[in-house]
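Comments concern the structure below.
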Amino acid sequence: MNQFNEEGQKHGPFENYSEDGELIFRTNYLNGKLNGLWEYYHKNGQICIKGNYVNNKQNGLWEHINENGRILNLYYRII
């Protein structure tokens, strides 16, 4: 978790936490570029936004979700 490759680029699963220890976001990097699932969290721990990255660009279905788990918005990004 939160590792870097030999070139100093983010590589593999990454998580970011607030000063209070709450998970802010979870994502994955491949040689410094966003690749794979990206999730951003509400303060209550529920997912707020989730989607997929390919080569540092949003790709596929993205969801915006309220704190109660209701989907507020869906949209597609295609690269």
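To convert, note that position 55 of the sequence shown is 38 in the numbering used here; the numbers rise steadily by one, no gaps. Yeah, the Cβ is synthetic: ideal placement off N, Cα and C, and Gly gets one too.
Query: Between which two residues does the beta strand (DSSP E) containing residue 26 stretch?; Result: Unbroken run through residue 26: none, as it is neither H nor E.
Query: Any idea what DSSP makes of residue 49, helix, strand or coil?; Result: coil
Query: Where does residue 7 fall in DSSP's three states?; Result: strand
Query: Hey, does residue 14 have any beta-carbon neighbour from chain D nearer than 8 Å?; Result: Although the question refers to chain D, the structure presented lacks it and comprises just one protein chain.
Query: Output the boundary residues of the beta strand (DSSP E) element that contains residue 30.; Result: 30 to 37
Query: Buried or exposed: which applies to residue 54, given that a residue is buried once 16 or more other Cβ atoms fall within 10 Å of its Cβ?; Result: exposed
Query: So the candidates are 31, 50, -11, 44; which of them puts its Cα closest to the Cα of residue 57?; Result: 44
Query: Under DSSP, the beta strand (DSSP E) around residue 62 begins and ends at which residues?; Result: Here residue 62 belongs to no beta strand (DSSP E), and DSSP marks it neither H nor E.
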